[in-house]
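Trainee: In terms of the working numbering, the sequence shown has 514 at position 332, counting the first letter as 1, and numbering is strictly consecutive. Ideal Cβ positions, reconstructed from N, Cα and C, are used throughout, including at glycine.
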Amino acid sequence: MPGVISRLYRGDINIDFVGKRRIWYGLSAFLLIFSIVGLIIHGLNLGVEFKGGSVFDFARTPGSTVEQVRDSVEGAGPHQVIVQQAGDKNWRVTTESLDGAEVTKVQQAVSKQFGVPEDQVSSQVIGATWGGEVSQKAWIGLVVFMGLIMLYLSIAFEWRMALAAIVALVHDLVITAGIYAWSGFEVTPATMLGFLTILGYSLYDAVVVFDMIKEVTGKIGTSAKMTYTQAANNALSHTLIRSLNTSLVAILPVAAILFIGTTLLGAGTLKDLSLALFVGMLVGTYSSLCVATPILVTLKEREPQWQALARRVAARQVSAAKAAAATAGAAGGSRSGKEPVVAGSQNGAGAQSGQGAQNGAVSGKQRKKR
183 MPGVISRLYR GDINIDFVGK RRIWYGLSAF LLIFSIVGLI IHGLNLGVEF
233 KGGSVFDFAR TPGSTVEQVR DSVEGAGPHQ VIVQQAGDKN WRVTTESLDG
283 AEVTKVQQAV SKQFGVPEDQ VSSQVIGATW GGEVSQKAWI GLVVFMGLIM
333 LYLSIAFEWR MALAAIVALV HDLVITAGIY AWSGFEVTPA TMLGFLTILG
383 YSLYDAVVVF DMIKEVTGKI GTSAKMTYTQ AANNALSHTL IRSLNTSLVA
433 ILPVAAILFI GTTLLGAGTL KDLSLALFVG MLVGTYSSLC VATPILVTLK
483 EREPQWQALA RRVAARQVSA AKAAAATAGA AGGSRSGKEP VVAGSQNGAG
533 AQSGQGAQNG AVSGKQRKKR
């Protein structure tokens with residue numbers, strides 16, 4: 183394993199990302215279907231900021247648990263009760279919208295159960311109108327963001343790269359939202375910030391890959407040395423380590439917030455943000471390598487110039503294979519043609535040596551008779 187990692191960092195390993203596009207498309211289709219099913223069945227657990235409700239904050243007394251707080255609040259009348267730890271010292275309880283009398287009953291129940299002064303149980307009522315306005319502005323901002331990205335990438339690169347990048351962005355958003363639906367994590371304004379952050383991260387990674395592809399494919403021109411697919415794979419091999427290093431450095435602190443902060447330190451507010459960042463960065467790294475680039479190559483391979491180049495490369499490879507076979511055949515024929523000559527010379531030499539021996543024997547007999 184260390185040897186593979188060292189070879190990977192040296193750039194000695196080339197992975198055929200584009201050649202395995204059907205595998206990536208199948209994996210992405212599975213993840214998208216899984217996410218969409220989660221959104222349909224469970225839906226997003228919208229926070230009080232989006233659907234409206236009442237929020238209570240009070241100090242956490244020693245020995246109090248989430249179940250005790252929930253039972254106490256539900257005993258005062260509310261039915262939709264969500265209890266969270268707000269930092270190290272407070273409880274945060276979210277319910278459906280309550281009127282003044284119902285809010286007072288909850289404050290009295292909490293004060294009686296946990297010994298907290300009633301005036302220290304803060305309450306806040308948030309209307310659904312504010313959440314609707316936030317959602318509407320978020321959708322408008324997303325559409326404007328997508329449009330500007332399409333325009334920028336079309337000018338800086340080309341429209342095919344812009345389309346591939348947008349497809350990868352939508353891919354990342356849907357999968358991240360699906361994970362939220364299946365996990366039941368609450369969607370808050372912090373979650374929206376996380377979504378916007380992963381949009382920028384995924385786009386950055388895709389632009390880095392596309393820039394390298396543009397540089398590599400710009401050098402092949404009309405030569406028949408490599409196809410567009412091979413050039414794209416070459417570009418991915420050059421950017422693979424950079425993408426992995428960037429992702430690893432970004433994901434490690436987010437993972438620390440998600441798995442350590444929320445479980446050991448009770449950082450409930452950061453949980454909504456860290457999950458979006460963690461899932462989005464993982465999916466964004468995958469999509470820039472295995473989704474955006476294969477889609478780009480699929481679109482580029484339909485262009486006449488790259489189709490012609492692929493035919494020339496194939497013809498050149500066939501010619502090279504035939505020339506190698508002819509050279510090998512000629513070399514084998516020359517070796518087989520020389521063997522009879524060598525054998526014949528050896529036989530002639532043997533015959534000459536045998537005849538010489540016989541002549542010597544005859545001469546010896548004649549000398550004895552004399």
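What are the boundary residues of the beta strand (DSSP E) that A241 is part of?
Mentor: Per DSSP, A241 belongs to the beta strand (DSSP E) from 235-241.
Trainee: Would you call the CB atoms of W377 and M343 closer than 7 Å?
Mentor: Note on identity: in this sequence residue 377 is Phe, with Trp being the wrong assignment. Not closer than 7 Å, so no.
Trainee: On the DSSP bridge assignment, give the partners of S305 in chain order.
Mentor: Answer by DSSP bridge pairing, in chain order: F238.
Trainee: How many whole angstroms separate the CB atoms of A258 and A291, which I take to be in contact at a CB cut-off of 8 Å?
Mentor: Confirmed, Cβ separation roughly 4 Å.
Trainee: For T286, list the residues DSSP reports as bridge partners.
Mentor: BP columns for T286 are empty, so no partner.
Trainee: Grab the span of the alpha helix (DSSP H) containing A432 for me, first residue to last.
Mentor: Here the alpha helix (DSSP H) through A432 covers 410-437.
Trainee: Quick check on the DSSP output: the alpha helix (DSSP H) that includes K396 runs from which residue to which?
Mentor: Counting along the chain, the alpha helix (DSSP H) containing K396 begins and ends at 371-402.
Trainee: For I197, tell me which candidate among S419, C472, A502 has the shortest Cα-Cα distance.
Mentor: Answer by Cα proximity: S419.
Trainee: Suppose contacts are defined by Cβ-Cβ distances below 7 Å. Is A157 in contact with V230 by that definition?
Mentor: Lying before the first or after the last residue shown, residue 157 is absent from the chain, which here runs from 183 to 552.
Trainee: Is the CB-CB distance between V275 and F216 below 7 Å?
Mentor: No, the Cβ-Cβ distance between V275 and F216 is not below 7 Å.
Trainee: Do L213 and A346 come within 7 Å of each other at the CB atom, strictly closer than that value?
Mentor: Not in contact: A346 and L213 (Cβ atoms no closer than 7 Å).
Trainee: With DSSP collapsed to three states, give me the class of L228.
Mentor: Residue state, collapsed to three classes: strand.
Trainee: Check each candidate in Y207, Q262, F367, V248 and name the one with the smallest Cα separation from D150.
Mentor: Since the first residue of the chain shown is 183 and the last is 552, residue 150 is not available in this structure.
Trainee: Leaving out the 5 sequence neighbours to the left and right, which residues in its chain are closer than 6 Å to I395 when beta-carbon positions are compared?
Mentor: Correct list, in chain order: A414, A417.
Trainee: Of the choices A496, D354, N272, whose alpha-carbon is the least far from that of L464?
Mentor: Nearest option by C-alpha distance: D354.
Trainee: Using the Cα positions of V495 and V349, report the straight-line distance between them to the nearest angstrom.
Mentor: Each residue's Cα considered, the two are about 30 Å apart.
Trainee: Per DSSP, which one or two residues make a beta bridge with E368?
Mentor: In DSSP, E368 forms a bridge with N227.
Trainee: Buried or exposed for Q267, please, with buried defined as at least 16 other CB atoms from any protein chain shown within 10 angstroms of its CB.
Mentor: Buried, by the Cβ-count rule.
Trainee: Cα separation between G220 and G400?
Mentor: Computed Cα separation, rounded: 43 Å.
Trainee: Please confirm whether F377 has its beta-carbon closer than 7 Å to some beta-carbon of chain C.
Mentor: Reference to chain C is not applicable here, since this structure consists of a single protein chain.
Trainee: Do E284 and S293 have their C-beta atoms within less than 7 Å of each other?
Mentor: In this structure, S293 does not lie closer than 7 Å to E284 by Cβ.
Trainee: May I ask you to list the residues that DSSP assigns as paired with T277?
Mentor: Bridge partners of T277: S236.
Trainee: Given this structure, state the Cα-to-Cα distance separating V461 from L209, to the nearest angstrom.
Mentor: Approximately 16 Å between the Cα atoms of the pair.
Trainee: So, with DSSP's three-state summary, where would you put W321?
Mentor: W321: helix per DSSP, three-state reduction.
Trainee: Out of curiosity, what's the CA-to-CA distance linking T358 and K271?
Mentor: Looking at the two C-alpha atoms, the distance is approximately 31 Å.
Trainee: Taking only the alpha-carbon atoms, compute the straight-line gap between E249 and L481 and give it to the nearest angstrom.
Mentor: Going from the Cα of E249 to the Cα of L481 covers about 55 Å.
Trainee: In chain order, which alpha helix (DSSP H) runs of at least 4 residues are fully inside the segment 453-493?
Mentor: 475-482, all fully within the segment 453-493.
Trainee: With H, G and I counted as helix, E and B as strand and the rest as coil, what does DSSP make of V495?
Mentor: If DSSP states are grouped into helix, strand and coil, V495 belongs with the helices.
Trainee: Given the structure, does P371 come close to the ligand SAM, in the sense that its CB is under 6 Å from one of the ligand's heavy atoms?
Mentor: The ligand SAM is not part of this structure, which contains no ligands at all.
Trainee: According to DSSP, simplified to helix, strand and coil, what is H353?
Mentor: It is helical.
Trainee: Just to confirm my understanding: we take S470, look at its own chain, exclude 5 residues before and 5 after, and list those with CB closer than 6 Å. What are they?
Mentor: So the list reads D387, A388, V391, once near-sequence residues are dropped.
Trainee: Distance check for V398 and A421, CA to CA, integer angstroms please.
Mentor: According to the sequence provided, residue 421 is Thr. The question's Ala does not apply to it. Computed Cα separation, rounded: 12 Å.
Trainee: Might you give, ordered along the chain, the residues of its own chain that have their beta carbon closer than 7 Å to the beta carbon of E256, omitting 5 neighbours on each side?
Mentor: Cβ within range, chain order: V263.
Trainee: Among A437, A458, G245, G382, whose alpha-carbon lies nearest the alpha-carbon of V369?
Mentor: Nearest C-alpha to V369: A458.
Trainee: Only counting the same chain, and skipping five residues up and downstream in sequence, which positions put a Cβ closer than 7 Å to that of Q302?
Mentor: Answer for Q302: F240, A241, listed in chain order.
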